[in-house]
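S.K.:
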Amino acid sequence: MVQVKCLASGSTGNSYALDDGKSVLLLEAGISAKRILSGYISLLPRVAGCLITHEHMDHAKGAKDLAARGIDLYASSGTFSNIDGIRHPYRKHTIWTGEQFTLGSWLVVPWQAQHDAQEPLGF
Numbered sequence: 003m004v005q006v007k008c009l010a011s012g013s014t015g016n017s018y019a020l021d022d023g024k025s026v027l028l029l030e031a032g033i034s035a036k037r038i039l040s041g042y043i044s045l046l047p048r049v050a051g052c053l054i055t056h057e058h059m060d061h062a063k064g065a066k067d068l069a070a071r072g073i074d075l076y077a078s079s080g081t082f083s084n085i086d087g088i089r090h091p092y093r094k095h096t097i098w099t100g101e102q103f104t105l106g107s108w109l110v111v112p113w114q115a116q117h118d119a120q121e122p123l124g125f
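All residue numbers for the sequence shown refer to this note's numbering, where the first residue is 3 and numbers rise by one.
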């Protein structure tokens, strides 16, 4: 059974954790990394990475600080080109529409989304 946890949802920020009991996917980093890490503290040992749909701050605000704290980020090239300050390039994993990949125990299939952003994705 998959559990979905939400710390924030809406124009002021988005942050979700998907837990299948084996590994955890973070979806969006639209609030501070400090709030994400403290909100999901019990899940952190099993976090496989953080998927980011697009670069707007309500989806990517905490991305650079999550990377600095050891969490791998997954987003399109267009999204990464608009997120400043990620000092750990080995934490950035560029993904492409239609190219599925495994992340922890999850199979992720990125699809092209329509939004006023540079190369937004859905998962």
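Where a beta carbon is used, it is the ideal one built from N, C-alpha and C, also for glycine.
1. How far does the alpha helix (DSSP H) with Lys7 in it extend, from its first residue to its last?
2. Do you know how far the Cα of Leu28 is from the Cα of Cys52?
3. Enumerate in chain order the residues of its own chain whose CB-to-CB distance from Arg71 is below 8 Å, with the five nearest sequence positions on each side excluded.
4. Please state the DSSP three-state secondary structure of Thr81.
5. Go through its chain and collect everything with a Cβ distance to Thr99's Cβ below 7 Å, but skip five positions before and after it.
6. Roughly how many angstroms separate the alpha carbons of Val26 and Gly106, rounded to a whole number?
7. Could you tell me the alpha carbon to alpha carbon distance between Asp60 and Gly32, rounded to whole angstroms?
8. Is the beta carbon of Gly80 sitting closer than 7 Å to the one on Glu121?
9. Using CA coordinates, which residue listed in Glu30, Lys7, Ala62, Gly12 is at the minimum distance from Leu45?
10. Can you tell which of Ser17, Asn16, Asp67, Asp21 has its C-alpha closest to the C-alpha of Val4?
11. Decide if Phe103 is buried, meaning its Cβ has at least 16 other Cβ atoms within 10 Å, or exposed.
12. Would DSSP call Gly41 helix, strand or coil?
M.R.: The structure says:
1. Run containing Lys7: none in the alpha helix (DSSP H); it sits in the beta strand (DSSP E), 5-10.
2. 4 Å
3. Ala35, Leu39
4. Residue state for Thr81 is assigned as helix, using DSSP reduced to three classes.
5. Excluding sequence positions up to five before and after Thr99, its CB lies within less than 7 Å of the CB of Pro112, Trp113, Gln114, Leu123, all in the same chain and listed in chain order.
6. 8 Å
7. If you draw a straight line from the Cα of Asp60 to the Cα of Gly32, it comes to about 4 Å.
8. Gly80 is a Cβ neighbour of Glu121, given a cutoff of 7 Å.
9. Lys7
10. Asp21
11. exposed
12. helix
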